[in-house]
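Numbering (the UniProt record's numbering), first residue to last: 1 to 276. A virtual CB, placed ideally from N, CA and C, is assigned to each residue, including glycine. Since the model is a prediction, treat every value here as computed from it, not as a measurement. Comments concern the structure below.
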């Protein structure tokens with residue numbers, strides 16, 4: 001198939017063949033479009049390639065977003081204004097970090113559980129370009145009492161815990177799907193261990209969190225979502241108040257981690273590829 005192109009000589013018809021197009025492609029090294037100063041800057045660098053034409057290589061130019069708007073969905077890990085003693089909260093700090101290049105808005109609600117995510121999704125602003133989901137901690141806490149029940153054998157305990165984690169995993173996948181239905185690049189946060197004064201309680205919670213966080217991580221991996229491990233972010237007792245709430249210091253760490261994960265994705269745990 002050929003396409004007539006009379007532009008070079010109006011008096012004659014120049015016929016472009018697939019072979020001609022392939023020669024042009026073989027000399028194209030970079031085709032990159034950026035947005036700068038309110039307009040497009042088109043930069044093309046051409047270089048003869050020493051490799052044969054590969055039709056699987058995408059030739060579509062990449063358009064970088066002009067303005068980034070991050071929406072925060074979840075619980076008090078993101079809605080921590082009540083725990084900063086009047087200092088800046090996660091959303092305010094993230095807005096400062098984004099500066100003129102973007103903004104952040106809060107859909108998360110202190111005390112929210114996974115079942116509440118659908119209501120938050122309905123409040124997300126139309127201008128949102130990215131989503132962050134941090135939820136599940138309050139659901140996990142409700143299961144702590146079950147972890148203190150007596151059982152006859154370790155096997156019985158594992159079976160009981162498996163049922164709890166399976167229920168958690170199913171609920172988490174449903175709420176993550178609700179966020180993904182927004183069609184936005186979504187970053188997922190795991191649950192941090194908090195700061196519990198009783199050593200025995202802290203150990204039980206930390207051990208159980210490995211299974212809950214595994215469920216979160218698997219859901220994120222299956223959908224190709226980048227992951228922020230909040231247990232590594234808020235890794236000091238001074239990051240918390242009331243055992244599980246991020247104070248100003250903890251909130252600053254969380255906001256910084258979110259900013260880095262979205263603007264510098266190589267700095268966070270990013271899955272290689274989604275499943276299926």
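Using CA atoms only, rank isn't needed, just tell me which of the options is closest to residue i.
i           : options               : result
residue 71  : 266, 105 and 244      : 105
residue 210 : 137, 119 and 93       : 137
residue 225 : 134, 119, 238 and 207 : 134
residue 132 : 182, 213 and 193      : 182
residue 258 : 232, 241, 242 and 244 : 232
residue 139 : 191, 234 and 203      : 191
residue 122 : 103, 236 and 179      : 179
residue 245 : 194, 253 and 89       : 194
residue 219 : 169, 95, 98 and 97    : 169
residue 205 : 235, 240, 89 and 141  : 141
Taking residue i as part of the beta strand (DSSP E), name the residues at either end of that continuous run.
i          : result
residue 73 : 68-74
When you compare only the Cα positions, how much space is there between residue i and residue j?
i           : j           : result
residue 110 : residue 80  : 7 angstroms
residue 143 : residue 68  : 37 angstroms
residue 221 : residue 160 : 26 angstroms
residue 113 : residue 223 : 21 angstroms
residue 83  : residue 76  : 9 angstroms
residue 37  : residue 100 : In this prediction, residue 37 scores a pLDDT of 35, lower than 50, which makes its location untrustworthy; the coordinate-derived value is nonetheless stated afterwards. C-alpha separation (whole angstroms): 12 angstroms.
residue 228 : residue 146 : 27 angstroms
residue 217 : residue 185 : 16 angstroms
residue 171 : residue 248 : 30 angstroms
residue 92  : residue 152 : 50 angstroms
residue 189 : residue 230 : 6 angstroms
residue 117 : residue 174 : 9 angstroms
residue 214 : residue 86  : 35 angstroms
residue 115 : residue 74  : 10 angstroms
residue 256 : residue 167 : 32 angstroms
residue 238 : residue 163 : 34 angstroms
residue 199 : residue 242 : 16 angstroms
residue 261 : residue 130 : 11 angstroms
residue 212 : residue 251 : 22 angstroms
residue 155 : residue 128 : 47 angstroms
residue 187 : residue 208 : 23 angstroms
residue 150 : residue 201 : 15 angstroms
residue 50  : residue 78  : In this prediction, residue 50 has a pLDDT of 38, which is less than 50 and means its spatial position is unreliable; nothing more can be read from the coordinates.
residue 176 : residue 124 : 14 angstroms
residue 40  : residue 126 : For residue 40, the predicted model reports a pLDDT of 34, less than 50, meaning its position is unreliable; a value from the coordinates is still stated below. The straight-line gap from Cα to Cα measures roughly 24 angstroms.
residue 263 : residue 157 : 43 angstroms
residue 120 : residue 102 : 21 angstroms
residue 197 : residue 234 : 16 angstroms
residue 48  : residue 265 : Low confidence applies here, because residue 48 scores a pLDDT of 33, under 50, leaving its location unreliable; read the following figure in that light. Taking the straight line from one Cα to the other gives about 31 angstroms.
residue 98  : residue 108 : 19 angstroms
residue 254 : residue 236 : 13 angstroms
In terms of DSSP beta bridges, what is residue i paired with?
i           : result
residue 102 : 68
residue 93  : Partner(s): none; residue 93 has no beta bridge.
So the alpha helix (DSSP H) residue i belongs to, where does it begin and stop?
i           : result
residue 133 : Element bounds for residue 133: not the alpha helix (DSSP H) but the beta strand (DSSP E), 130-134.
residue 189 : First-last for residue 189: 186-189, but that is the beta strand (DSSP E), not the alpha helix (DSSP H).
residue 108 : Looking at the DSSP string, residue 108 is not in any alpha helix (DSSP H), and its letter there is neither H nor E.
residue 283 : For residue 283 there is no data in the structure shown, the boundaries of the chain being 1 and 276.
residue 253 : 248-263
residue 79  : Segment: none, residue 79 is in no alpha helix (DSSP H) and carries neither H nor E.
residue 266 : Element bounds for residue 266: n/a, residue is neither H nor E.
residue 210 : 199-222
residue 192 : Unbroken run through residue 192: none, as it is neither H nor E.
residue 139 : 137-142
residue 243 : Residue 243 -> no alpha helix (DSSP H), and no H or E assigned at all.
residue 113 : No alpha helix (DSSP H) holds residue 113; DSSP gives it neither H nor E.
residue 231 : 230-233
Any heavy atom of the ligand SAM closer than 7 angstroms to the beta-carbon of residue i?
i           : result
residue 146 : Annotation note on the ligand SAM: not contained in the displayed structure, which lists no ligands.
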